[in-house]
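Engineer:
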């Protein structure tokens with residue numbers, strides 16, 4: 095017997111589908127805590143410096159993954175090139191701003207900054223603030239792409255239509 099496929103499964107962007115899986119947020123936070131524990135215990139780094147290493151590492155990895163990397167992470171995925179011009183951040187939740195996932199991914203670096211601030215000396219605050227800002231600022235809608243969202247049909251899917259330079263001048 096052939097299984098029926100819902101339209102939602104066909105429209106799911108497999109690049110970022112993992113963020114909607116149950117337990118992803120808990121796993122994400124657990125990995126941050128495990129990294130902090132590993133840096134502190136394995137390397138014998140003091141508490142404040144261990145949190146700084148976690149914050150800087152988190153900023154570098156998520157900055158590259160969400161804001162610099164475009165298209166598909168896995169090169170063998172056949173998406174027909176429809177995500178080639180989109181960063182992962184733009185692909186999450188169909189590009190909708192203020193979704194639960196995007197709020198979570200914006201709050202995590204801020205919480206890390208507060209944890210680091212409590213655990214470090216004041217002189218390290220500038221470094222920690224810098225790395226937090228370079229990861230939080232690109233997440234703000236005002237710094238989003240120049241793509242226009244357009245709702246199609248009744249399927250509920252979103253298509254991203256690219257503005258041409260001539261269209262931007264007309265506005």
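In this note's numbering, the protein residues as written are 95 to 265. Glycine residues also receive a C-beta, built at the ideal position from the N, C-alpha and C atoms. Keep in mind the model is a prediction, meaning the values are calculated, not measured.
Find out if the Cβ-Cβ distance for the pair residue 157, residue 144 is shorter than 8 Å.
Structural biologist: No, Cβ-Cβ distance for residue 157 and residue 144 is not below 8 Å.
Engineer: Grouping DSSP H, G and I as helix and E and B as strand, with all else coil, what is residue 216?
Structural biologist: Here residue 216 sits in helix by DSSP.
Engineer: Please report the residue range of the alpha helix (DSSP H) in which residue 138 lies.
Structural biologist: Per DSSP, residue 138 belongs to no alpha helix (DSSP H) and is neither H nor E.
Engineer: Report all residues from its chain with a CB closer than 8 Å to the CB of residue 193; omit the five preceding and five following residues, and keep chain order.
Structural biologist: If we look at residue 193 and ignore the five residues flanking it on each side, its Cβ neighbours are 186 and 187.
Engineer: Along the alpha helix (DSSP H) that carries residue 182, what are the first and last residues, could you check?
Structural biologist: Note, residue 182: alpha helix (DSSP H), 182-185.
Engineer: Is it true that the CB of residue 149 sits closer than 8 Å to the CB of residue 225?
Structural biologist: It is a contact, given that the beta carbons lie within the stated cut-off.
Engineer: In the DSSP output, which residue or residues are listed as bridge partners for residue 164?
Structural biologist: Looking at the DSSP assignment, residue 164 forms a beta bridge with 181.
Engineer: Going by beta-carbon coordinates alone, are residue 203 and residue 236 separated by less than 8 Å?
Structural biologist: No; because the gap between Cβ atoms is not below 8 Å, this pair is not in contact.
Engineer: Residue 110 by DSSP, collapsed to three states: which one?
Structural biologist: Coil, per DSSP.
Engineer: On the three-state DSSP scale, how would you describe residue 131?
Structural biologist: Residue 131 falls in the helix class under three-state DSSP.
Engineer: So what's residue 242 in DSSP terms, helix, strand or just coil?
Structural biologist: Low confidence applies to residue 242: its pLDDT is 45, below 50, so where it sits in the model is not reliable, and the reading given next is rough at best. Correct three-state label for residue 242: strand.
Engineer: With DSSP collapsed to three states, give me the class of residue 193.
Structural biologist: Residue state, collapsed to three classes: coil.
Engineer: Compute the beta-carbon to beta-carbon distance between residue 109 and residue 211, rounded to the nearest angstrom, for a pair I have assumed lies under 8 Å.
Structural biologist: Contact doesn't hold; Cβ gap of about 34 Å is too wide.
Engineer: At the level of alpha carbons, what is the spacing between residue 189 and residue 119?
Structural biologist: Taking the straight line joining both Cα atoms gives about 19 Å.
Engineer: Can you list, in chain order, the residues of its chain with a C-beta nearer than 6 Å to that of residue 165? Leave out the 5 residues immediately preceding and following it.
Structural biologist: Only 177 and 178 meet the Cβ criterion.
Engineer: Where does residue 176 sit, in a helix, a strand or coil, going by DSSP?
Structural biologist: Residue 176 falls in the coil class under three-state DSSP.
Engineer: Could you check which residue in 155, 151 and 195 has the C-alpha nearest to that of residue 112?
Structural biologist: Among 155, 151 and 195, the Cα nearest to that of residue 112 is on 195.
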